[in-house]
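Q: Numbering (my numbering), first residue to last: 12 to 127.
The beta carbon of each residue, even a glycine, is placed where N, CA and C say it ideally should be.
Every value quoted in this text rests on a predicted model; they were computed, and no experiment measured them.
One structure is given below, represented as structure tokens, and several questions about it will come after.
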């Protein structure tokens with residue numbers, strides 16, 4: 012009987028955690044962040060990013076904004092490390108910013124170079 016209750020409690024906890032994760036909505040975008048910037052993060056925080064391709068293949072112009080809109084964390088070029096295609100205009104392409112790399116959900120990354 013105790014195993015049954017333990018299993019039921021564990022199942023309930025897993026379902027509640029999954030439900031809470033699925034209902035996450037990004038924070039409101041501060042007025043100091045451009046409208047085209049995308050949220051990259053989760054329940055524990057994140058950043059707003061604006062990424063656009065440059066003429067040279069594999070290079071992107073980027074601006075990474077603090078979550079609270081207090082300013083820029085990074086502004087400069089990013090180099091695509093990897094060869095999987097991704098859509099730079101889709102928030103679904105990104106998983107996290109680690110301070111030096113914008114991590115992509117496909118396993119590649121955009122590495123910070125030449126910051127301004």
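Going by DSSP in three states, residue 73 sits in which element: helix, strand or coil?
A: Looking at residue 73 - three-state DSSP - the assignment turns out to be strand.
Q: How would you call residue 57, buried or exposed, if buried means at least 16 neighbouring beta carbons within 10 angstroms?
A: Residue 57 comes out buried.
Q: Cβ of residue 76 within 7 Å of Cβ of residue 54?
A: The answer is no: Cβ separation not under 7 Å.
Q: Would you mind working out which of 63, 122, 102, 96 sits nearest residue 89, comparing C-alpha positions?
A: Selected option, being the one with the closest Cα: 122.
Q: Alpha carbon to alpha carbon, how far is residue 110 from residue 81? Give it in angstroms, no decimals.
A: Answer to the nearest angstrom: the Cα atoms are 16 Å apart.
Q: Roughly how many whole angstroms lie between the Cα atoms of residue 67 and residue 84?
A: In a straight line, the C-alpha of residue 67 is about 24 Å away from that of residue 84.
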